[in-house]
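Single-structure report; data block below.
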Amino acid sequence: MESQPDSIAGRLEAVASARPDAPFLHRPGDAPVTYGVLGEHIRRVRERLREWRVVPGDVVAGFDPSRALMAMACATLPSSCTFAPLSGSLAPDAYAALLRRLRAKAVLAPADPGHPLRVAAARVGVPAMRIVADGAAAPGGFALELDADRTDRIEALAHPGHAYVLVTSGTTGKPKLAPLGHRQMLAFAGAMIAWLSLVPDDVGYALAPFHFAGGLRASILIPAISGASFVCLEESDIDGVFHAIEAYRPTNLGAPFSIHRAILRRAADFPGEVAASRFRFLRTTAGRLDADEAARLERLFRAPVLQALGSTEACGIAHDPMPPRPRKRGSVGVPLGGDVRAMDALGRLCAAGETGELVVRGPLVFDGYLDDPELTARSFAGDWLRTGDEGRVDEDGYVFVTGRLAESINRGGEKVSPAEVDRALESLPGVREAAAFGIPHPVLGEDLVVAAVLDAGASIGEAEILAHARERLAPGQVPRRVVIVESLPRTDAGKLRRRELAAHVGIDAEARDGADGDSRVPAASALEAALAGLWSAVLRRGDVGRDDDFFLQGGDSMAAAHLLREVEAVFGVALPLRALLEDAATPAAMARAIERARALAAG
Numbered sequence: 005m006e007s008q009p010d011s012i013a014g015r016l017e018a019v020a021s022a023r024p025d026a027p028f029l030h031r032p033g034d035a036p037v038t039y040g041v042l043g044e045h046i047r048r049v050r051e052r053l054r055e056w057r058v059v060p061g062d063v064v065a066g067f068d069p070s071r072a073l074m075a076m077a078c079a080t081l082p083s084s085c086t087f088a089p090l091s092g093s094l095a096p097d098a099y100a101a102l103l104r105r106l107r108a109k110a111v112l113a114p115a116d117p118g119h120p121l122r123v124a125a126a127r128v129g130v131p132a133m134r135i136v137a138d139g140a141a142a143p144g145g146f147a148l149e150l151d152a153d154r155t156d157r158i159e160a161l162a163h164p165g166h167a168y169v170l171v172t173s174g175t176t177g178k179p180k181l182a183p184l185g186h187r188q189m190l191a192f193a194g195a196m197i198a199w200l201s202l203v204p205d206d207v208g209y210a211l212a213p214f215h216f217a218g219g220l221r222a223s224i225l226i227p228a229i230s231g232a233s234f235v236c237l238e239e240s241d242i243d244g245v246f247h248a249i250e251a252y253r254p255t256n257l258g259a260p261f262s263i264h265r266a267i268l269r270r271a272a273d274f275p276g277e278v279a280a281s282r283f284r285f286l287r288t289t290a291g292r293l294d295a296d297e298a299a300r301l302e303r304l305f306r307a308p309v310l311q312a313l314g315s316t317e318a319c320g321i322a323h324d325p326m327p328p329r330p331r332k333r334g335s336v337g338v339p340l341g342g343d344v345r346a347m348d349a350l351g352r353l354c355a356a357g358e359t360g361e362l363v364v365r366g367p368l369v370f371d372g373y374l375d376d377p378e379l380t381a382r383s384f385a386g387d388w389l390r391t392g393d394e395g396r397v398d399e400d401g402y403v404f405v406t407g408r409l410a411e412s413i414n415r416g417g418e419k420v421s422p423a424e425v426d427r428a429l430e431s432l433p434g435v436r437e438a439a440a441f442g443i444p445h446p447v448l449g450e451d452l453v454v455a456a457v458l459d460a461g462a463s464i465g466e467a468e469i470l471a472h473a474r475e476r477l478a479p480g481q482v483p484r485r486v487v488i489v490e491s492l493p494r495t496d497a498g499k500l501r502r503r504e505l506a507a508h509v510g511i512d513a514e515a516r517d518g519a520d521g522d523s524r525v526p527a528a529s530a531l532e533a534a535l536a537g538l539w540s541a542v543l544r545r546g547d548v549g550r551d552d553d554f555f556l557q558g559g560d561s562m563a564a565a566h567l568l569r570e571v572e573a574v575f576g577v578a579l580p581l582r583a584l585l586e587d588a589a590t591p592a593a594m595a596r597a598i599e600r601a602r603a604l605a606a607g
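Note that the sequence shown ends on residue 607 in our numbering; no numbers are left out.
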């Protein structure tokens, strides 16, 4: 058998040579990017980076606001460097800290000199490059430009065998730097291609952020290595999912569980597209759907919904099998490309059916974090990677997750470190203690709330604390609510009882669902009543009160955009999306915001 190239670039160049005219990336409203164009740009990027003295093992970090160009960067840059895709919504201080830790040799950043990433690059002294669209020669073409003649010599943190470094939230508040090797990524792609029987004619979607493991690996690399293609949509573009069905005939839909929940909510508005769908399978990433939701999706699209368990560090841990192999209700499938067991607190492997911490080993597991040997040591028990998930493996080898040992909050697929949120809020004068915690959310899985203890005599409130959070944290880390309390629940040893915080502040699922009766305050005006009705229609629930928070009632970013369009159409006032996070978070508050806007318009 002919050996395969052992690098991502080599494998993609082989596909490009064999199928140059086949589509790689579909862009709604534009011509597709072919594998021939991809292969040519891999060669160009390799030459360009060498000219700038960027070689394998050197880290280039950054992002581009164009989803299509960012996808091309993810596919081409590892030809001659280790690429660290970053979120596009961090503050300059956070970017600067990451660039220093990564020892970045160059930064891929938007052209805007005021963008926080460019500001951080200048502060750290790292040259910035930009990716410039150049479709004159072929659709999807681009050029790289560096704001210097060459890069400086710097001792590389990564290894030449590392293709990517992903930045993940740590439970201590310090982001973790997880390197992903070429061999590891190719092994994962090969396992998934065989598991899902992917062929070049398959068409998928890219909906998740590319700095997430699921967005990078599942959306780009797996289809690319198989010679298939994907529809590149804006993040969480639910309407785009339906519009693409007739245009591109997609055969599979992989997305975070929160996206699948949003698809369920919007499907009634696209009956023709749903009827025309021809999916072979749907698969969830970044979390799990409950069994009833998965069953509804299967009935809707007439295709199996495959659940999975994965992590940045271990790629795929377990995965539901494709039919005709059986799936088990409540399971995340069987091990994918490695061994999965449960381990007890003493480090002993559990017998089948016994509960413990899920651990995994095999070729899909990474070697360790880049700059934190102590964290690496804590993350392994011998050659077993500790997942932080509690669960069991039954006698048939099916994996079940029963809980989470770690404290990170899974907010719609984005893992939020409570400790990082705590520290950011405690930096505000007047806040003595802050403790972030998760609460159930019908779409996101979990949402974020903070309990705060103030200094004696402090006059700040929830609005000031949230404003401070928006300045210090990424959007996905900003809490939905801040509840002022006199104290935090602690053990006798003084350790925070984070799991008790929801009950401590009086926020729990039963209270939000009105299990003890309807305690809502009646609308104070006709405008409030009309808004409550509109909110009920958008949220598809009939019990929205004047003081109910939009997001705590099940709203998400897609529903928010829908609501604001309806508000503008009905009331003639255009409110920005941030209003739902700030001064229009409830029907009563939105009524006041509309009245203020009307007063300003009237002069």
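Beta carbons: idealized from backbone N, C-alpha and C, even for Gly.
Inset, instruction - Mind checking which residues open and close the alpha helix (DSSP H) that includes Asp426? - result: In the DSSP assignment, Asp426 falls within the unbroken alpha helix (DSSP H) covering 422 to 430.
Legend entry - Cα-Cα separation between Glu277 and Pro164, rounded to whole angstroms: Spanning the alpha carbons of Glu277 and Pro164 requires a straight line of approximately 46 Å.
Legend entry - Buried or exposed (CB count within 10 angstroms, at least 16 for buried), Gly291: buried
Legend entry - Range of the contiguous beta strand (DSSP E) that encloses Pro260: 256 to 260
Legend entry - Reduced DSSP secondary structure (H/G/I, E/B, other) of Cys236: strand
Legend entry - Under 8 Å between C-beta atoms of Leu556 and Asp451: yes
Inset, instruction - Evaluate the contact criterion for the segment 467 to 485 versus the segment 566 to 580: three or more CB pairs, one atom per stretch, below 8 Å. - result: With the cut-off at 8 Å, the segment 467 to 485 and the segment 566 to 580 do not touch.
Legend entry - Alpha-carbon spacing of Ala562 relative to Asn414, whole angstroms: First, the residue type needs correcting, since residue 562 is Met and not Ala in the sequence shown. Their Cα atoms are separated by approximately 18 Å.
Legend entry - For Tyr252, the residue or residues it bridges with in DSSP: Tyr252 pairs with nothing; no bridge assigned.
Legend entry - Rounded straight-line distance, which links the Cα of Arg300 to that of Thr175: Because Thr175 sits at a pLDDT of 47, beneath the cut-off of 50, its placement in the model cannot be relied upon, and the following sentence gives the value as read from the coordinates. So the two alpha carbons sit approximately 34 Å from each other.
Legend entry - In chain order, each alpha helix (DSSP H) run of at least 4 residues that lies wholly inside the segment 48 to 111: 71 to 80, 96 to 106
Inset, instruction - Kindly indicate the opening and closing residues of the beta strand (DSSP E) around Ala3. - result: Given that the chain is displayed from residue 5 to residue 607, the structure contains no residue 3 and the question cannot be resolved.
Legend entry - Distance, Gly334 Cα to His323 Cα: 12 Å
Legend entry - Simplified DSSP assignment, three categories, for Pro131: coil
Inset, instruction - Run the CB neighbour count on Ala279, radius 10 Å, all protein chains shown included, and call it buried at 16 or more, exposed below. - result: exposed
Legend entry - Which of helix, strand or coil DSSP assigns to His30: strand
Inset, instruction - Note the first and the last residue of the continuous beta strand (DSSP E) segment covering Thr172. - result: 166 to 172
Legend entry - Leu16 beta carbon less than 8 Å from that of Leu53: no
Inset, instruction - Please check the pair Thr80 and Val49, which I expect to be a contact at CB under 8 Å, by giving their CB distance rounded to whole angstroms. - result: The Cβ separation is near 4 Å, so the contact holds.
Inset, instruction - Name the residue from Gly118, Ala126, Ala115 whose alpha carbon lies nearest to the alpha carbon of Lys109. - result: Measuring C-alpha to C-alpha distances from Lys109 to each of Gly118, Ala126, Ala115 identifies Ala126 as the nearest.
Legend entry - Contact between the segment 18 to 32 and the segment 194 to 202 (3+ Cβ pairs under 8 Å): no
Legend entry - Bridge partners - Met594, DSSP secondary structure assignment: Note: Met594 sits in no beta bridge, so no partner.
Inset, instruction - Return the chain-ordered list of same chain residues with a C-beta closer than 6 Å to the C-beta of Pro213, the five sequence neighbours on each side being excluded. - result: Gly219, Glu239
Inset, instruction - Label Ser233 either buried or exposed according to how many other C-beta atoms from any shown protein chain fall within 10 Å of its C-beta, with 16 as the threshold for buried. - result: buried
Inset, instruction - Express the C-alpha separation of Thr255 and Leu313 in angstroms, rounding to a whole number. - result: Going from the Cα of Leu313 to the Cα of Thr255 covers about 22 Å.
Inset, instruction - Report the three-state DSSP secondary structure of Ile37 (helix, strand or coil). - result: Here the sequence assigns Val to residue 37, which means Ile is not the residue at that position. Strand at Val37.
Inset, instruction - Return the chain-ordered list of same chain residues with a C-beta closer than 7 Å to the C-beta of Ala428, the five sequence neighbours on each side being excluded. - result: Ala473, Arg476, Leu477
Inset, instruction - Quick one: grab the DSSP three-state call for Pro183. - result: strand
Inset, instruction - Can you tell me which of the three DSSP states Gly537 falls into? - result: helix
Inset, instruction - With a cut-off of 8 Å on the beta carbons, I'd call Val482 and Leu458 a contact; round off their distance for me. - result: Contact flag wrong, Cβ pair sits at about 19 Å.
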